[in-house]
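Only one structure is covered here, and it is reproduced in the block below.
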Amino acid sequence: GENVEQHPSTLSVQEGDSAVIKCTYSDSASNYFPWYKQELGKRPQLIIDIRSNVGEKKDQRIAVTLNKTAKHFSLHITETQPEDSAVYFCALEGGSYIPTFGRGTSLIVHP
Amino acid sequence: NAGVTQTPKFQVLKTGQSMTLQCAQDMNHNSMYWYRQDPGMGLRLIYYSASEGTTDKGEVPNGYNVSRLNKREFSLRLESAAPSQTSVYFCASSEIWGIQYFGAGTRLSVL
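Line by line, the protein sequences give chains A and B. Taking the numbering used here, the leading residue of the first sequence gets 1, the next gets one more, and so forth. Taking the numbering used here, the leading residue of the second sequence gets 1001, the next gets one more, and so forth.
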């Protein structure tokens, strides 16, 4: 199946700074790339996704970029706020239809 | 509209005991999944069901069995629980190459 590596595992920023989380993958058949946010003790929930025919997608302070040639995609959060503190997971799906998740990034936003 | 409902929320078992985790979705999704979440390991797929009547192994199926009872319900069974199965279990549903909707999770401790 697909393999995905997520970095960094922990990211600490000051309120108002930007945060970037990157995922790399190996299967060129991957074509759906969602990002999930999991607050402490809660279930993961989708925050943004991108499909392989699109290079970038934005939703207010959140954006995702995809580079299919280099096989990586990234989550960008601008003007971070304390409520952005959570664990973020990248994921992907491709030819096998089986979703694969990264190991997660713990984002800490300091007020 | 409840989404994905999981029961129980918490469970403590002794080694060797059995139990079944229940999951139901009301979004008419074809695909359903069972994951386990351990610290630093992300979400690992145990079993999935691409459609009613089919089930397949994921990344970590050993020690588990599943049943896709109908389109709505997908259960996970531990026949003889082991301490290594202490984890948080999430059920999810989706369409192929679509957003995963997660249940609230089951925290399982095996003593």
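By construction, the Cβ of each residue, glycine as well, lies at the ideal position given by its N, Cα and C atoms.
Along the length of the segment 1006 to 1052 of chain B, whole beta strand (DSSP E) runs at least 3 residues long occupy 1010 to 1013, 1019 to 1025, 1031 to 1037 and 1043 to 1049, reported in chain order. Chain B places a beta carbon closer than 8 angstroms to that of P99/A, counting this residue as a contact. The beta carbon of M1041/B sits closer than 8 angstroms to some beta carbon of chain A. Counted as a single uninterrupted DSSP element, the beta strand (DSSP E) harbouring Q45/A occupies residues Q45 to R51.
Nearest in C-alpha terms to S1109/B, of all of F1010/B, E1079/B and T1005/B, is F1010/B.
Chain order gives the chain B residues near D49/A as I1099, where near means a beta carbon separation below 8 angstroms. Apart from sequence neighbours up to five positions away, the residues of its chain that approach P111/A with a beta-carbon distance below 8 angstroms are E15 and P82, ordered along the chain. With a threshold of 8 angstroms between beta carbons, G1063/B makes no contact with chain A. Between the alpha carbons of G102/A and N1070/B lies a gap of roughly 30 angstroms.
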